[in-house]
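Written out below as structure tokens is the structure these notes cover.
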Amino acid sequence: MRQQREQTLRYIRERRCTSGGYCFYRLDEPNAADTFYALDSFRLLGEPVREDPDTIHYLHSFQHDDGSYQNVFVGAAVIRALHLLGERPQADPSEWIGGALSPDQKNRPVESVSGFEEYMLAAECCRVLMIEVPEVLKEQVVSGTLRYRNKDGGFGNESPTLIETFHAVFALAGIGYDMKDLVCPAFLASCEDLVFGFLAVPGARPGFLEHVHAGLSLCVLLGYSPRFPDACEGFIRRCHRENGGYCRSLYGGSATLEHTWRALECHAILRRLEGNN
């Protein structure tokens, strides 16, 4: 395990750009998301996230003068990465975050796989920056989310998916919604799988790393014990590549900083769940 940890640390370090940002394909083309994934992966590996003036300067460059960011995906990555470095945004982003808690689902970015992802990321920004969400916004998020709750407890626009359910539950938890009122283990259990750990929707094989991550994250949020933790652990191990990174599939593929971060967080969740049993 120690050798694998060192391989993964090397994989991450080799993807640092001269500007201070990170890029998974090792060109000097850093982005906010990869920078967050790299820094948080250091944390998950138990490696100190050291103060880096170049990285801090790079992250601050994303914020506009009015405190806003290009979109919630960029803003959330920057805010969380700065937090890991012991920094805050230079301008107060509270108003911008409030707007992100009221996203227009019709104009959802194409890279988003969930109608609740913006809620989730904005709620996480509030948690990191210790911003109190106004009651009116809380009510908006709750009503805008619960309307897509299905009878089995899953969430989705037309039919529930594991990732959308994770995003919805995370967002509700992030604004202080009472988890006792949110019982959805039935859908979560239906997505469990003996081989892959978790699937996107019941019976939809194969599963991918993002589904294992969503399923395990929901287990923590809902206080649910996964039935196939060994399958989850085995899946993650088989996603490990020779270069130290992780891919998203049992069937090969390229490692990325995002997949590596998900795999490491899955390991951390499994250790946490094991300790609770």
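If you're matching positions, the sequence shown starts at 163 in this note's numbering and goes up one per residue. From the three backbone atoms N, C-alpha and C, an ideal C-beta is built for every residue, glycine too.
I'd like to know whether the C-beta atoms of residue i and residue j end up nearer to each other than 7 Å.
i      : j      : result
Ala262 : Val236 : no
Cys394 : Val363 : no
His226 : Val290 : no
Glu326 : Phe370 : no
Tyr231 : Gly407 : no
Ala253 : Phe224 : no
Phe186 : Leu412 : no
Ala366 : Leu324 : no
Ile337 : Leu378 : no
Arg399 : Glu354 : no
Leu207 : Arg167 : yes
Taking 8 Å as the limit between beta carbons, can you name the residues of its chain near residue i, skipping five residues before and five after?
i      : result
Ile443 : In the structure as shown, the chain begins at 163 and stops at 439. Residue 443 is therefore absent and cannot be evaluated.
Asp314 : Pro322, Cys346, Ala348, Phe349, Ser352
Glu436 : Pro391
Leu247 : Leu201, Val211, Glu213, Asp214, Thr217, Ile218, Leu221
Asn269 : Bear in mind that a pLDDT of 45 at Asn269, under 50, signals an unreliable position, so the number given afterwards is only what the model happens to contain. Hits under 8 Å: none found.
Asn312 : Gly318, Ser321, Pro322, Phe349
Ser274 : Reliability of the predicted coordinates at Ser274 is poor, the pLDDT of 49 falling under 50, and no value is obtained from them.
Cys381 : Leu350, Ser387, Pro388, Ile431, Leu435
Pro296 : Gly260
Cys401 : Leu371, Tyr408, Cys409, Arg410, Ser411, Leu412, His421, Ala425
Leu356 : Phe390, Ala393
Over the uninterrupted alpha helix (DSSP H) stretch that includes residue i, give me the two end residues.
i      : result
His429 : 419–438
Ser379 : 371–384
Pro364 : Neither: Pro364 is in no alpha helix (DSSP H) and is coded neither H nor E.
Ser352 : 347–352
Ile174 : 164–175
Asp160 : The structure shown does not extend to residue 160, since the chain spans only 163 to 439, so no value can be given for it.
Val357 : Taken as a continuous stretch (DSSP letters only), Val357 belongs to no alpha helix (DSSP H), as it is neither H nor E.
Gly336 : 324–336
Excluding the five sequence neighbours on either side, which residues of its own chain have a C-beta within less than 6 Å of the C-beta of residue i, listed in chain order?
i      : result
Tyr220 : Ser181, Gly182, Gly183
Thr197 : Gly183, Tyr184, Ala243
His329 : Ser276, Phe278, Glu279, Met282
Leu383 : Val331, Ala335
Cys179 : Cys185, Asp190, Pro192
Gln169 : Gly406
Ser387 : none
Gln267 : A caution first: Gln267 carries a pLDDT of 47, below 50, which makes its placement in the model too unreliable to give a value.
Gly359 : Val374, Phe390, Ala393, Cys394, Phe397
Who are the near neighbours of residue i in its chain, counting only those whose CB is closer than 7 Å to its CB and skipping five residues on each side?
i      : result
Ala238 : Leu283, Glu286, Cys287
Val304 : Leu334, Tyr339
Trp423 : Tyr199, Asp202, Ser203
Arg403 : Cys409, Ala417
Arg188 : Glu176, Arg177
Val272 : In this prediction, Val272 has a pLDDT of 43, which is less than 50 and means its spatial position is unreliable; what the coordinates show is noted afterwards. Nothing meets the Cβ criterion.
Under a CB-based cut-off of 7 Å, is residue i close to chain B?
i      : result
Pro251 : Reference to chain B is not applicable here, since this structure consists of a single protein chain.
- At which residue ranges does the stretch 187–222 contain complete alpha helix (DSSP H) runs of 4 or more residues, listed in the order of the chain? 194–206, 215–222
- Query: Between the stretch 415–429 and the stretch 198–218, do at least 3 Cβ pairs fall closer than 8 Å?
  - Reply: yes
- Can you list, in chain order, the stretches of the alpha helix (DSSP H) that have 4 or more residues and sit fully within the stretch 222–296? 234–246, 256–262, 279–291
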